[in-house]
Amino acid sequence: MCSFHGGLVVAQASDFNKDFDINWGDGRAKILDSGELLALFLDKDSGSGFHSKNKYLIGKVDMQIKLVPGNSAGTVTSYYLKSDGTSWDEIDFEFLGNLSGDPCVMHTNAFSVDNTPIREFRNLESKGVAFPKSQPMRIHSMLWNANDWARRRGLVKTDWTQAPFTASYRNFSAEARVWASWSSSCSPMGQPAWFTAKMDADGQLKMKSVQKDYMIFNYCTDTKRFPS
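Residue numbers (this note's numbering): 197 to 424.
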């Protein structure tokens, strides 16, 4: 069995005041509705952001995010897990703003959106492929200006008459181990279901359908630019 030092946290009715710290924005990020809502704002001078108080090594976390509405071209809403240090692990979503009516583009190396699998990343350490299992990560999010590249490589500029732009967050939940220290002596006995979860046949079909219909670019298959 696993020797964990640090408890299993199950946060269902989240309070952003207790779970997160605002770490960027000079007053542009706000926790509202008695801790039930967190809003990030972006204007021409600055964006804003927050991160979790806790670090997590393994677990399942969920967040409902309302992206910037309307004409949001040039903005990026980032939501990601990241470890500390100069050689870090990172799992991220980047939602690129769009002109009103255009589809939203998402950059990600993550695995599931709205409980629909979009990518599978197997543990292939035996073949020399790094796997993010040993560095605890905080949850981060920020709303920022990527006017020079985020929409048609910068050809479509941010319309600052629409500012301030707003992204909002609700219903954070976590079933995860809060990091204190970790023993590598592990077996699945006594662990939650997600600890040993694998994608079933239905999940594989859903993932292939999403990739076929919506994927624009996959760096894993671009052997010209990424030969290794």
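We treat Cβ as the ideally placed atom computed from N, Cα and C, and that holds for glycine.
With respect to the 8 Å criterion, F291 and Y276 are not classified as neighbours on the basis of their beta carbons. Under the three-state reduction of DSSP output, W356 falls in the helix class. Secondary structure note for L228: its beta strand (DSSP E) is the uninterrupted segment 225–228. Burial is judged here by how many other beta carbons sit within 10 angstroms of a residue's own beta carbon; S244 has at least 16 and is buried. Restricted to the segment 215–293, not a single alpha helix (DSSP H) segment is unbroken, complete and at least 4 residues in length. By the Cβ criterion, the segment 257–277 is in contact with the segment 326–342, since at least three pairs of Cβ atoms, one from each stretch, lie closer than 8 Å. Just so you know, the alpha carbons of R366 and S308 end up roughly 18 Å apart. Under DSSP, N341 shares a beta bridge with T271. Taking the Cα positions, G293 is about 13 Å away from W356. The residue from G324, A397, R224 with its alpha-carbon nearest to that of P313 is A397.
Just measuring C-alpha positions, the residue of D298, E316, L295 sitting nearest N305 is E316. Going by DSSP, A372 is part of the beta strand (DSSP E) stretching over 361–374.
The residues A269, G270, L295, in chain order, have a CB closer than 8 Å to that of V352 in the same chain once the five nearest residues on each side in sequence are set aside. Scanning its chain for C-beta atoms nearer than 6 Å, with the 5 sequence neighbours on each side dropped, one finds around I218 the residues A225, F246, in chain order. Within the same chain, Cβ atoms closer than 6 Å to the Cβ of F237 are found at R224, S244, P360, T362, the five residues on either side in sequence being excluded.
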